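**Student:** Before I ask anything, let me first share the structure, which is written out below as structure tokens.
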Amino acid sequence: MANTQNKDIKYINRDFDTLRSSLIEFSRTYFPTTYNDFSPNSPGSLFIEMASYVGDVLSFYLDNQIQETFLQYARQDPNLYELAYMMGYPPKVTGAANAKVDFYQQLPAKRVNSIWVPDYDYALLINENALVGATGPNATSFLVQDSVDFSFSSSLDPTEVSVYSLSGTTVDRFLLKKTRNSISSIIKTTTSTFGEVTRYPTITLDDSNIVGILDITDSDGNIWTEVPYLAQETVFEPIKNNSPFGPDVSAEGDIEEVPFLLNLKKVSRRFVSRFKSPTELEIQFGAGTNQNNTAEVITPNPDNVGIGLPSSIDKLKTAFNPSNFLYTNTYGISPSNTTLTIRYLVGGGVTANVDVNSINTIITAPTNFQNSNISNSGNLAQSIFDSLLVNNAEAATGGSDGDSIEEIRNNSLGNFGAQLRSVTQEDYLVRALSLPSQFGTIAKAYAEPQKQSTLSPGEIGKVLDLSILAYNNQKQLTNASPTLKQNLITYLSQYRILNDSIRIKDAFIINIGVDFSLIILPNFNSNEVVSRCITALQLFFNIDNQQINQPILLKEIFILLDKINGVQTVSDVQITNKVGTASGYSQYAYDIPGATANNIIYPSLDPSIFEVKYPEVDIRGRASTL
35 MANTQNKDIK
45 YINRDFDTLR
55 SSLIEFSRTY
65 FPTTYNDFSP
75 NSPGSLFIEM
85 ASYVGDVLSF
95 YLDNQIQETF
105 LQYARQDPNL
115 YELAYMMGYP
125 PKVTGAANAK
135 VDFYQQLPAK
145 RVNSIWVPDY
155 DYALLINENA
165 LVGATGPNAT
175 SFLVQDSVDF
185 SFSSSLDPTE
195 VSVYSLSGTT
205 VDRFLLKKTR
215 NSISSIIKTT
225 TSTFGEVTRY
235 PTITLDDSNI
245 VGILDITDSD
255 GNIWTEVPYL
265 AQETVFEPIK
275 NNSPFGPDVS
285 AEGDIEEVPF
295 LLNLKKVSRR
305 FVSRFKSPTE
315 LEIQFGAGTN
325 QNNTAEVITP
335 NPDNVGIGLP
345 SSIDKLKTAF
355 NPSNFLYTNT
365 YGISPSNTTL
375 TIRYLVGGGV
385 TANVDVNSIN
395 TIITAPTNFQ
405 NSNISNSGNL
415 AQSIFDSLLV
425 NNAEAATGGS
435 DGDSIEEIRN
445 NSLGNFGAQL
455 RSVTQEDYLV
465 RALSLPSQFG
475 TIAKAYAEPQ
485 KQSTLSPGEI
495 GKVLDLSILA
505 YNNQKQLTNA
515 SPTLKQNLIT
525 YLSQYRILND
535 SIRIKDAFII
545 NIGVDFSLII
555 LPNFNSNEVV
565 SRCITALQLF
575 FNIDNQQINQ
585 PILLKEIFIL
595 LDKINGVQTV
605 SDVQITNKVG
615 TASGYSQYAY
625 DIPGATANNI
635 IYPSLDPSIF
645 EVKYPEVDIR
655 GRASTL
């Protein structure tokens, strides 16, 4: 048997140059008499370089595939999104702005017992999903999902009434006002037809700025319900409280205090949705059929636990877990022999954070008189319809352009650590930043325990102050609207510990300007050097890079400017406070010299953030030469 020689193979060589050198060395070592021509144009060099090329390409793809399996290093959208969902965090591709809109209508007056009162026969009813619009440079549509009934008033849904016009002492018309929440979205519709039953079928929506699914119905009129995961087959459903003397309502006044009844509902027709990329939303259904619903076993009634047959052993075959209402073997019904109609919301973005009094156009709002006996024709009826107006008394907030790559990474890791509960400050912080996009977006958040000296009498448990900010339509920081705050409180309530209390506060915005002086090297254009420095500082102070209670390290600014091509010496850097609402800045003045120590500018004791609001004009520099 021929002797075999152990050959030295270098496994660490993986790029083109090292592979080529290794192959040449290998040939010279183990085949010294077989081939000796390694000149650049030789046939041997051709084959060696082709092998090196293939090795380099394979090595690149191997490294890339390994990289894309780790959340910390993945950069391709499909992989990054899948990893985020695996850790329980649904990435946001857009954030819908929230705004309270006021609807107004005029109402004729009538005399009742010598008193002028509104004639509610002419009260208007605006159906759900009315669409209103914001005028101006950021023309945006806002969806009002709830109906507007001017004839109804309660403590939870008041109708404000005021006198609109008089003829002497005679009231001609009243003005009615109703307020509704709206989101910066429009409704789009698509259909999908299914034939025979398939397991876990999917639909992909290809569109930009998808906020979420509004509803799905099939051709038989069945409603499909979205759930967090297919194994969950019960949801809480709000039912409008229409009967003050119904079996579930104890008193007539309850209909005002409790407009909806909460019902636990089993949903066999359900689906989940997840983004595959910023422009792809995948919808997945279950694997069961209408015929095999018996595979879904209801958990035992806790009232019957321990009750067995006479002379038998009491036992419970299925473990009772209060968190699991039902077990399933099918994960929901798979649609078959039907056509699904999918309505989804599209919109959002920073530009949707419109200013006050911008939402003043009614785009589509199916409207009728509450009293069906009132004719929609005639001069009076037309004047009532023409009197319908809409306006926003507060700016819209919560709109964002979606998660960046780094935000997906950090929020996913934080969400995984929280595990569907909020215990630590970091848990609440992650949950706030994970608010579903259709309810708005929190731009900045900071959590800290409430100081004991400020606790209210009788307050127990952990009291947490959550300071937040939102963006306006220029991606500048602003206070979150009351609607956004309420959405956040409601969202956090499902994760907080029972005796924890959360207080939502506005963080303080400290607007600043930056002035710097340079000495540039000879033969460099001073204007070009200063321009490069301003660009670098604009990136440094970009609001995406700033957080609440983050100090300013002047040393970092000096180092940054020193690295700019053409800079010889940074003479001086001054941070100044920009204040005054008349100039568009924050109202809060801040003593920056007093807050500076050891070349560090510290934020205030109360949660605050430094912001260069107008970087084009508030970052200035001058240069000189030696």
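Take 35 as the starting number for the sequence shown in my numbering and just add one per residue.
Virtual Cβ for every residue (Gly too), placed ideally from N, Cα, C.
Keep in mind that this is a model prediction, so the values were computed, not measured.
#1: Locate the alpha helix (DSSP H) running through residue 591, then write down its first and last residues.
#2: Is the beta carbon of residue 477 closer than 8 Å to that of residue 466?
#3: For the alpha helix (DSSP H) containing residue 63, name the first residue and the last one.
#4: What does DSSP give as the partner residue(s) for residue 483 in the beta ladder?
#5: Cβ of residue 543 less than 8 Å from any chain B Cβ?
#6: Should residue 144 and residue 184 be called a contact, given that it needs their Cβ atoms to be closer than 8 Å?
#7: Quick test of your reading: residue 218 and residue 174, contact by CB under 8 Å. State the CB separation rounded to the nearest angstrom.
#8: Which residue wins for smallest C-alpha separation from residue 547, given the options 234, 319, 229 and 623?
#9: From the DSSP output, in three-state form, read off residue 550 for me.
#10: Pull up the DSSP beta-bridge partners for residue 215, would you.
#11: For residue 128, count neighbouring Cβ atoms within 10 angstroms of its own Cβ and tell me buried if that reaches 16, exposed if not.
#12: Rounding to the nearest angstrom, what Cα-Cα distance links residue 342 and residue 265 in this structure?
#13: Ends of the alpha helix (DSSP H) at residue 72?
#14: Count the other C-beta atoms from every protein chain shown that fall within 10 angstroms of the C-beta of residue 267, then say buried if there are 16 or more, exposed otherwise.
#15: Would you list the one or two residues that DSSP bridges to residue 402?
#16: Leaving aside the five residues before and after residue 114 along the sequence, list all residues of the same chain whose C-beta is less than 7 Å from its C-beta, in chain order.
#17: Could you say which of 76, 49, 77 and 82 lies nearest to residue 59 if we only look at CA atoms?
#18: Can you tell me which of 432, 246, 192 and 208 puts its alpha carbon nearest to the alpha carbon of residue 198?
#19: Of all the options 620, 613 and 607, which has the alpha carbon lying nearest to the alpha carbon of residue 633?
#20: Check whether the Cβ atoms of residue 378 and residue 222 lie closer than 8 Å to each other.
#21: Just to confirm, is the Cβ distance from residue 643 to residue 502 under 8 Å?
#22: Is residue 129 helix, strand or coil by DSSP?
#23: When the Cα of residue 499 is compared with those of 507, 523 and 637, which residue comes out closest?
#24: Which residues in the same chain as residue 550 place their Cβ atom closer than 6 Å to its Cβ, once the five residues preceding and following it in sequence are excluded?
#25: Under 8 Å between the Cβ atoms of residue 653 and residue 585?
#26: Report the residue from 105, 187 and 256 whose alpha carbon sits nearest the alpha carbon of residue 447.
#27: Residues in its own chain within less than 6 Å of residue 661 by CB, not counting five upstream and five downstream?
#28: Express the C-alpha separation of residue 112 and residue 314 in angstroms, rounding to a whole number.
#29: Give the single residue among 125, 80, 63 and 79 whose Cα lies nearest to the Cα of residue 444.
#30: Got a sec, what are the start and stop residues for the alpha helix (DSSP H) residue 570 sits in?
#31: Provide the residue span of the beta strand (DSSP E) that contains residue 463, from first to last.
#32: Is the beta carbon of residue 619 sitting closer than 8 Å to the one on residue 647?
#33: Residue 205 to residue 412, Cα distance in whole Å?
#34: Report the residue from 319, 95 and 471 whose alpha carbon sits nearest the alpha carbon of residue 525.
#35: On a Cα-Cα basis, can you pick out the residue from 532, 101, 154 and 552 that is closest to residue 407?
#36: Tell me the rounded alpha-carbon separation between residue 201 and residue 404.
**Tutor:** This is what the structure holds:
#1: Taking the first residue of the sequence shown as 1, we reach residue 591 at position 557. Here the alpha helix (DSSP H) through residue 591 covers 588–596.
#2: Indexing the sequence shown from 1 puts residue 466 at position 432. Indexing the sequence shown from 1 puts residue 477 at position 443. No. Outside cutoff.
#3: Reading the sequence shown from its first residue, position 29 is the one you call residue 63. Residue 63 -> alpha helix (DSSP H) spans 50–64.
#4: Counting from 1 along the sequence shown, the entry for residue 483 is found at position 449. DSSP output for residue 483 lists 498 as bridge partner(s).
#5: Here chain B cannot be found, since the structure has a single protein chain.
#6: Position 110 of the sequence shown, counting from 1, holds the residue named residue 144. Position 150 of the sequence shown, counting from 1, holds the residue named residue 184. No, these two residues do not count as a Cβ contact at 8 Å.
#7: Numbered from 1 along the sequence shown, position 184 holds the residue referred to as residue 218. Numbered from 1 along the sequence shown, position 140 holds the residue referred to as residue 174. So it is a contact: roughly 5 Å between Cβ atoms.
#8: Translated into positions along the sequence shown, residue 547 becomes position 513. Cα-wise, what sits closest to residue 547 is 623.
#9: Your numbering for residue 550 matches position 516 in the sequence shown. The answer is strand: DSSP assigns residue 550 an E or B state.
#10: Within the sequence shown, residue 215 is the residue found at index 181, counting from 1. Looking at the DSSP assignment, residue 215 forms a beta bridge with 134.
#11: Position 94 of the sequence shown, counting from 1, holds the residue named residue 128. Classification for residue 128: buried.
#12: Taking the sequence shown and counting its residues from 1, one reaches residue 342 at position 308. Taking the sequence shown and counting its residues from 1, one reaches residue 265 at position 231. Model confidence at residue 342 stands at a pLDDT of 47, short of 50, so the residue's coordinates are unreliable; what they give is reported in the following sentence. Straight-line Cα distance between these residues: approximately 30 Å.
#13: Stepping through the sequence shown from its first residue, residue 72 is reached at position 38. Segment: none, residue 72 is in no alpha helix (DSSP H) and carries neither H nor E.
#14: Within the sequence shown, numbered from 1, the residue matching residue 267 stands at position 233. Residue 267 should be labelled buried.
#15: Against the sequence shown, residue 402 aligns to sequence position 368. Answer is 159, bridged to residue 402.
#16: Here residue 114 corresponds to residue number 80 of the sequence shown, with the count starting at 1. Excluding sequence positions up to five before and after residue 114, its CB lies within less than 7 Å of the CB of 108, 439 and 442, all in the same chain and listed in chain order.
#17: Locating residue 59 in the sequence shown gives position 25, where the first residue counts as 1. Of 76, 49, 77 and 82, the residue nearest in Cα terms is 82.
#18: For the purposes of this step, residue 198 is taken as the residue at position 164 of the sequence shown. Looking at the Cα atoms, 208 is the closest of the given residues.
#19: The sequence position of residue 633 within the sequence shown is 599, counting from 1. Among 620, 613 and 607, the Cα nearest to that of residue 633 is on 607.
#20: As a first step, residue 378 must be located in the sequence shown, where it is residue number 344. As a first step, residue 222 must be located in the sequence shown, where it is residue number 188. For residue 378 and residue 222, yes; Cβs fall inside 8 Å.
#21: On the sequence shown, position 609 is the one that residue 643 refers to. On the sequence shown, position 468 is the one that residue 502 refers to. Cβ distance not < 8 Å, so residue 643 and residue 502 don't count as in contact.
#22: Locating residue 129 in the sequence shown gives position 95, counting from the first residue. Here residue 129 sits in strand by DSSP.
#23: Translated into the one-based positions of the sequence shown, residue 499 becomes position 465. Closest option to residue 499, Cα to Cα, is 523.
#24: For the purposes of this step, residue 550 is identified with residue 516 of the sequence shown, where counting begins at 1. 607 and 655, listed in sequence order.
#25: Within the sequence shown, residue 653 is the residue found at index 619, counting from 1. Within the sequence shown, residue 585 is the residue found at index 551, counting from 1. The answer is no: Cβ separation not under 8 Å.
#26: As a position in the sequence shown, residue 447 is number 413, starting the count at 1. Measuring from the Cα of residue 447, the nearest candidate turns out to be 105.
#27: It is not possible to answer for residue 661, since the shown part of the chain is limited to 35 through 660.
#28: Taking the sequence shown and counting its residues from 1, one reaches residue 314 at position 280. Taking the sequence shown and counting its residues from 1, one reaches residue 112 at position 78. Approximately 9 Å, taken between the alpha carbons.
#29: Taking the first residue of the sequence shown as position 1, residue 444 is located at position 410. From the listed residues 125, 80, 63 and 79, the smallest Cα separation to residue 444 is found for 125.
#30: Locating residue 570 in the sequence shown gives position 536, where the first residue counts as 1. The continuous alpha helix (DSSP H) containing residue 570 extends over residues 560–574.
#31: By one-based count along the sequence shown, residue 463 stands at place 429. Premise fails: residue 463 lies in the alpha helix (DSSP H), 459–467, not in any beta strand (DSSP E).
#32: Counted from its first residue, the sequence shown places residue 619 at position 585. Counted from its first residue, the sequence shown places residue 647 at position 613. In contact: residue 619 and residue 647 (Cβ atoms closer than 8 Å).
#33: Translated into the one-based positions of the sequence shown, residue 205 becomes position 171. Translated into the one-based positions of the sequence shown, residue 412 becomes position 378. Roughly 21 Å between the two C-alpha positions.
#34: Taking the first residue of the sequence shown as position 1, residue 525 is located at position 491. Considering only alpha carbons, the answer is 471.
#35: Walking along the sequence shown from the start, residue 407 turns up at place 373. Comparing alpha-carbon positions, the option among 532, 101, 154 and 552 lying closest to residue 407 turns out to be 154.
#36: One-based indexing of the sequence shown puts residue 201 at position 167. One-based indexing of the sequence shown puts residue 404 at position 370. Taking the straight line from one Cα to the other gives about 27 Å.
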